[in-house]
Amino acid sequence: MISRKIVVVGGGAAGFFGAITSASTSPNFRALILERGSQFLQKVRISGGGRCNVTHACFNPRELSRSYPRGENELIGLLRRFQVQDTVQWFADHGVVLKIEKDGRMFPTTDSSQTIIDCLMVAAKTAGVEMRVNCGVEHIERHEDRFLVHTTSHEVIEADRLLLATGGCRTPALGSLATQLGHTLSKPVPSLFTLHVETPWVRALAGVTVEKVEVSLHGTDLKETGPILLTHWGLSGPVILRISAWGARLLHDLNYKGSLRINWLPDTSEDSLRSLLQERIKLQSAKRVVNSPLAPISARLWEALVTAAGIPSDRRWSELGRNGLHTLVETLFHTVLPVTGKSLNKDEFVTCGGVKLTEVDLKTMESKVCPGLFFAGELLDIDGITGGFNFQAAWTSGWVAGQSMAHP
Ligand SMILES: Cc1cc2nc3c(=O)[nH]c(=O)nc-3n(C[C@H](O)[C@H](O)[C@H](O)COP(=O)(O)OP(=O)(O)OC[C@H]3O[C@@H](n4cnc5c(N)ncnc54)[C@H](O)[C@@H]3O)c2cc1C
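Residue numbering for the sequence shown follows our numbering, beginning at 1 and increasing consecutively.
Below you can see the structure in the form of structure tokens.
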């Protein structure tokens, strides 16, 4: 006999996983998802460029947790209970096969986020989850050992257990349901953004990618290695998104201004670069410097870097001299670019900050402040770098919350 009710606020990845898990774990609970939008799983729909990067092929919880600038230590225990292998198995059990791309990102073999939406909708219906769209929650009262959930349609729904899975709180107002129930938020700021650089030669090279560069922010410990993309507003690509994630708070405090250093040849030592350049001076002395790029730097980027080093376009290797050699080495290893702001990364963005993890029992995802209240997903102060890590945090925290809510 159904006797108790779980209300899930938020029909996104974490809310669905929490509701499906609780409803399929215990028949004694009835689960209801309340979604304020007109459609469920809207972010899943647009995620991964419409393909949904469901998770990342890293099967060791400790190693996986290193991809979370916020929540790294706290996630290890949670991931030991529901990790990437469990996500892959869960989707396989529900008819969805995931494939691994060469950078480790995992997508449905259909390359369509609709596959994930259909799967979650069917799983929720099969588990008997009740679902309502256009039903926002305005405020929640604690009444004796129950919750009174006030919706935008002026209904009051009683709940024995409540899961808040309302997503990233880009503004503190979006975390207000948690604060009404006694929680505090660590200050929300954006993560996963691209950087503005006014330098004309960078913008002129929009579209150029380099497979591996090392990027650091002058005066800080921030340093990341990976692919970069030059854009008509500055810099993007995985290495910039990683810098933006690890430096989300710091960059916010710096008002997104600073000096970025790029090493275009991170796998080359200074000694070997000098001998490569000396070799050119000897063997290609009559050739113009600007016309002889050094692999893996492309011809266009090489020309821009040589010009940025102040070497005239008609200068030959034989005429480079000590100073020319020195500035070329400096530019190749330490191009300094002033950062003037940030832009939204349209492919994926998340909020750094949210419900403080010290206020949540990370074995159950239950509030330490308000018994019966549970949390999952991006509303928590957990966020990952780009690559499927944010959905994995939603699946993991949703599953653990769902399991815990279903146990009397
Ligand atoms: C463009 C884009 C692409 C992305 N792509 C990827 C990707 O490929 N892989 C990846 O790992 N991550 C990706 N992310 C991040 C990922 O989408 C989120 O981390 C994830 O969706 C968080 O899930 P959630 O359920 O916590 O929150 P959401 O998915 O944000 O769901 C929260 C839901 O709660 C609802 N809600 C909020 N307040 C209320 C209320 N008061 N009452 C009722 N309902 C409410 C919202 O309408 C929303 O539907 C992407 C993000 C963006 C913006």
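Beta carbons are placed, not taken as given, at the ideal position from N, Cα and C, and that holds for glycine.
Measuring straight from C-alpha to C-alpha, what distance separates residue i and residue j?
| i | j | result |
| --- | --- | --- |
| Arg-142 | Glu-158 | 10 angstroms |
| Val-213 | Lys-223 | 10 angstroms |
| Ile-2 | Cys-370 | With a pLDDT of only 46 at Ile-2, under 50, the local geometry of the prediction cannot be trusted, and no value is derived from it. |
| Gly-182 | Phe-389 | 28 angstroms |
| Tyr-256 | Thr-386 | 19 angstroms |
| Gly-402 | Glu-130 | 15 angstroms |
| Gly-219 | Ala-309 | 23 angstroms |
| Arg-62 | Asn-28 | 35 angstroms |
| Thr-351 | Phe-16 | 20 angstroms |
| Phe-40 | His-252 | 31 angstroms |
| Leu-217 | Pro-190 | 18 angstroms |
| Ser-153 | Gly-136 | 8 angstroms |
For ligand 1, I want to know if residue i counts as a neighbour, meaning its beta carbon is within less than 7 angstroms of at least one of the ligand's heavy atoms.
| i | result |
| --- | --- |
| Leu-177 | yes |
| Gly-372 | no |
| Pro-137 | What sits at residue 137 in the sequence shown is Val, not Pro. At least one heavy atom of ligand 1 is nearer than 7 angstroms to the Cβ of Val-137, so yes. |
| Arg-36 | yes |
| Leu-195 | no |
| Val-350 | yes |
| Leu-162 | no |
| Thr-166 | yes |
| Lys-282 | no |
| Leu-58 | The question names Leu, but residue 58 is Cys in the sequence shown. Incorrect: Cys-58 has no Cβ contact closer than 7 angstroms to ligand 1. |
| Asp-347 | yes |
| Phe-375 | no |
| Ser-216 | no |
| Val-9 | yes |
| Thr-46 | In the sequence as displayed, the identity of residue 46 is Ile instead of Thr. Ile-46: yes, Cβ under 7 angstroms from ligand 1. |
Does the separation of the CB atoms of residue i and residue j fall below 8 angstroms?
| i | j | result |
| --- | --- | --- |
| Phe-193 | Asn-345 | yes |
| Thr-331 | Leu-305 | yes |
| Pro-188 | Thr-166 | no |
| Leu-148 | Phe-374 | no |
| Gly-258 | His-196 | no |
| Gly-18 | Ala-376 | yes |
| Leu-230 | Leu-205 | yes |
| Ser-186 | Asp-381 | yes |
Please return the same chain residues whose Cβ sits closer than 6 angstroms to the Cβ of residue i, not counting the five positions on each side in sequence.
| i | result |
| --- | --- |
| Glu-35 | Gly-11, Val-133 |
| Leu-32 | Val-7, Glu-130 |
| Gly-175 | Cys-169, Leu-185 |
| Ala-23 | Ala-31, Ala-127, Gly-128, Val-129 |
Please go through the same chain and pick out, in chain order, the residues whose beta-carbon is closer than 8 angstroms to the beta-carbon of residue i, but skip the five residues on each side of it.
| i | result |
| --- | --- |
| Gln-284 | Ser-292, Trp-317 |
| Pro-266 | Lys-212, Val-213, Glu-214, Thr-225 |
| Ser-298 | Val-208, Val-210 |
Tell me which residues share the same chain as residue i and place their Cβ nearer than 7 angstroms to its Cβ, disregarding the 5 neighbours each side in the sequence.
| i | result |
| --- | --- |
| Arg-249 | Val-189, Cys-352 |
| Val-239 | Val-213, Val-215, Glu-224, Thr-225, Gly-226, Pro-227, Ile-228 |
Exercise. Can at least three beta-carbon pairs, one atom from the region 353 to 364 and one from the region 72 to 80, be found at a separation below 8 angstroms?
Worked result: Taking a contact to require three or more Cβ pairs closer than 8 angstroms, the region 353 to 364 and the region 72 to 80 qualify as touching.
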